[in-house]
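Protein chains in written order, with our numbering: chain A, 23 to 260; chain B, 23 to 260.
C-beta atoms are modelled at their ideal positions from N, C-alpha and C, and glycine is treated no differently.
Nothing here was measured: the structure is a model prediction, and the numbers come from that model.
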DNA sequence: GCTAATTTGTTCGTATGTATA
DNA sequence: TTATACATACGAACAAATTAG
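Right, here's the structure in full:
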């Protein structure tokens, strides 16, 4: 699973937290104890702890020890950079996707302002409707850099584009900037989504970047407001 | 400013990114070049780079180099773990706060389910109304652990509780878990907020923890939906 | 296409500083 | 005061990926 020593220790500690072997608010073994237990250097133990701290699982206090953070369980977890498929699978929902639009377009002035792609760039434009438990809940409007997504088919678009990119094409993704806001439902929303009396939708704008800093995706997700949940753990900047 | 070497290097690189001395999509000097320039060990340079990478500024690629990530500027930034005062100051808005409710209460069964504080715990209950440019936009309902906030006055509540905690009382905050959703406006919302025809509000639930994992704050922020913006950078988990 | 140089990734051992108990 | 625990820093070595020649 994990080819590096620090990832082994990372998994070990994480498992012990999940098992409630290490309890929230309590200390885990000291760095020196872990170093002896795994027969590694203290640096290697520290790297694992730093990783878990940045994930919000641990918190180191100088002179005291390393504490397990408490976490409130969230039943509906739709957080971070997970794609639709991954999050649905976790929550065991019946989902399906339809793709009413799949076309290649050239970015013009107007589209460039929205997507931040350079004018003249070739992109795929997709509209995807996400159905959960029989209701049309999410309308995704995607723009992907075309040459990165070469070989895209409607079948793949229905499945998971991220899976296709990462596993089939070896594309490496750094992360994405998300902007969440609430706006009036557009005609497109009314056409494709099962809106209740609701006249507003939650809009998640998603700018996704490769490892080298290249913007390769702009997506606008329109969520039915009553079904929208977003969670994140934000560390306090010091 | 920064008492450690790696923080000096961190600030130096960050400054060069802000100055557009290091350009998005381009490489910064190699670790060995930086190590020689600062006369430090390579580990120290790497620590600075790792910090900036976790902030979403940089991305390291083995064999290639360290790249500057692109960022889309967001004019209204109300993100991460910033308090109302901090974000208002950044965006140069006229803001004011009123505190219609400030009371000490004992957590009962019902309140415990919402806040996740243990039953019987003593907490401060505050209601704060945030006015931006003359409009009542945000209704905050706060619950703070009482013994951590000893000496709270209405004046401090109007100002910044986080500033009071961190600077005056030396309390160290690890971070907070946020859950964002959209719900129908309550009677309290209608009473205190300047709602338009809007009958929905954006609710941000905020569970904040100390360094040792102790939950010390539960806050439910009710935002007027047309004024709500949330941004975050989410790194792709590998 | 192959080799060598460059660049980041992992790991070790050691030393010293600072905060806490 | 002393011992413990985390924080910072150095120097070194080898691995793995990429690039240059």
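- A Cβ-Cβ distance of about 6 Å is found for the pair residue 45 of chain B and residue 90 of chain B, placing them in contact under the 8 Å criterion.
- In the assembly as shown, residue 175 of chain A is an exposed residue. Its beta-carbon has fewer than 16 other beta-carbons within 10 Å.
- DSSP places residue 55 of chain B inside the alpha helix (DSSP H), whose first and last residues are 53-60.
- DSSP places residue 162 of chain B in the strand class (E or B) of the three-state scheme.
- One Cα belongs to residue 141 of chain B, the other to residue 128 of chain B, and the distance between them is close to 8 Å.
- The Cβ of residue 248 of chain B sits closer than 8 Å to at least one Cβ of chain A.
- Here DSSP, grouped into helix, strand and coil, assigns residue 171 of chain B to coil.
- Membership of residue 76 of chain B in any beta strand (DSSP E) is not indicated; the residue belongs instead to the alpha helix (DSSP H) covering 64-76.
- Interface flag for residue 252 of chain A against chain B is set, since a Cβ pair is found closer than 8 Å.
- By the rule that beta-carbons nearer than 8 Å mark a contact, residue 140 of chain A does not touch chain B.
- If only uninterrupted beta strand (DSSP E) runs of at least 3 residues are considered, those enclosed by the segment 172-222 of chain A are 195-206.
- The beta carbon of residue 220 of chain A lies closer than 8 Å to those of 207, 246, 247 and 248 in the same chain, with the five residues before and after it left out.
- According to DSSP, residue 232 of chain A shares a beta bridge with A:195.
- Here DSSP, grouped into helix, strand and coil, assigns residue 26 of chain B to coil.
- For residue 79 of chain A, the three-state secondary structure derived from DSSP is coil.
- Rounded to whole angstroms, the gap between the alpha carbons of residue 27 of chain A and residue 82 of chain B is 20 Å.
- Chain order gives the chain B residues near residue 89 of chain A as 233, 234 and 235, where near means a beta carbon separation below 8 Å.
- Think of a sphere of 7 Å around the beta carbon of residue 200 of chain B: the chain A residues whose beta carbon falls inside it are 253, 254 and 256, in chain order.
- In this structure, residue 148 of chain A and residue 123 of chain A form a Cβ contact; the two beta carbons are roughly 6 Å apart against a cut-off of 8 Å.
- Setting aside the 5 residues that flank it on each side, residue 187 of chain B is surrounded in the same chain by 170, 171, 193 and 195, each with a C-beta closer than 8 Å to its C-beta; the list follows chain order.
- In this structure residue 32 of chain A does not touch residue 80 of chain A by the C-beta definition: roughly 10 Å separates them, more than the 8 Å allowed.
- Using a Cβ-Cβ cut-off of 8 Å, residue 168 of chain B does not count as an interface residue toward chain A, since no Cβ of chain A sits closer than that to its own.
- Beta-bridge partners of residue 87 of chain A (DSSP): A:83.
- With respect to chain A, the C-beta atom of residue 61 of chain B has no partner C-beta closer than 8 Å.
- Between residue 117 of chain A and residue 157 of chain A, the C-beta spacing is not below 8 Å.
- For residue 247 of chain B, there is no enclosing alpha helix (DSSP H), as DSSP gives it neither H nor E.
- Only buried fits residue 75 of chain B, as 16 or more other CB atoms lie within 10 angstroms of its CB.
- Minimum Cα-Cα distance from residue 134 of chain B among the listed residues B:62, B:120, B:165 and B:173 corresponds to B:165.
- For the segment 139-159 of chain A, the beta-carbon criterion of a distance under 7 Å to any beta-carbon of chain B is satisfied by none of its residues.
- Separation of the CB atoms of residue 198 of chain B and residue 228 of chain B is rounded to 5 Å, and the pair is thereby assigned contact status at 8 Å.
- Here the alpha carbon of residue 120 of chain B sits roughly 29 Å from the alpha carbon of residue 131 of chain B.
- Annotation for residue 154 of chain B: the continuous beta strand (DSSP E) segment containing it runs 144-154.
- In this structure, residue 226 of chain B keeps its C-beta atom at 8 Å or more from the C-beta atom of residue 205 of chain B.
- Excluding the 5 residues flanking it on each side, residue 150 of chain B has same chain C-beta neighbours closer than 6 Å at 119, 121 and 162, in chain order.
- In terms of Cβ geometry, residue 138 of chain B and residue 215 of chain B do not form a close pair [threshold 8 Å].
- When rounded, the separation of the alpha-carbon atoms in residue 37 of chain B and residue 41 of chain A is 43 Å.
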